[in-house]
Structure formats: C-alpha cells, structure tokens
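So in the UniProt record's numbering, spot 58 of the sequence shown is number 58, and the numbers just go up one at a time. Just so it is clear, CB atoms sit at the ideal spot from N, CA and C, and this is done for glycine as well. Please read all numbers here as calculations on a predicted model, not as lab measurements. Reading through the structure tokens given below for one structure.
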Amino acid sequence: MHKNNYTWAYNIDTKKLSRLVSVPGGGEATGLQVVDGLDGFSYLMVSVQNPGYVGYLAGLPSMEQQSDENDDDDSGDDE
C-alpha cells in the first residue's frame with residue numbers, strides 16, 4: 001500500500017478542503033510560499049524533505065568484488 005502525506009487548504013467561505021500537495025510517505029511539505037502576479041500567474045512553491053521510507057537493496061555486489069573484476073580486465077595484453 002502506498003501512503004502519502006498531503007497539504008490541504010481550507011476555504012472558509014465554502015467550508016471545503018482542497019488538496020494542494022502530495023508528498024511520499026514519511027516526507028514533509030515545507031517552505032510553502034506563494035508568488036502572486038508573476039507575468040499574470042500565481043505560483044505555489046514547496047520543498048519536500050525526508051521523503052520515503054527507510055529500506056535496503058539486497059543482492060548488490062560489494063565494491064571490493066567490483067574492484068577485483070576491474071583489475072582482472074586491466075591485465076590483458078596491450079597491442
């Protein structure tokens with residue numbers, strides 16, 4: 001199941017919520033800023049910090065193993 005965090009706006013006239021931003025689970029929407037009237041448009045800017053969950057990848061070769069393989073490749077004859 002995918003879980004996201006949301007930032008909402010509440011309209012006090014209509015008493016309705018509007019979802020503004022969705023960030024990955026574990027993330028935080030921070031630094032919200034509105035720029036109004038820039039070339040006839042308004043912009044909502046937001047930063048996301050700490051997105052995602054802690055996990056791991058399995059089955060990756062060690063750096064030592066990769067280094068040994070590269071050394072073997074360099075031992076060929078130069079013509």
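Going by C-alpha positions, Gly-52 is about 13 Å away from Ala-29.
In its chain, beyond the 5 residues on either side, Gly-26, Gly-27 and Glu-28 have a beta carbon closer than 7 Å to the beta carbon of Asn-50. In the structure shown, the three-state DSSP call for Asn-4 is strand. A straight line joining the alpha-carbon of Asn-11 with that of Val-21 spans about 16 Å. The alpha carbon of Met-45 has as its nearest neighbour, out of Val-34, Leu-38 and Leu-17, the alpha carbon of Val-34.
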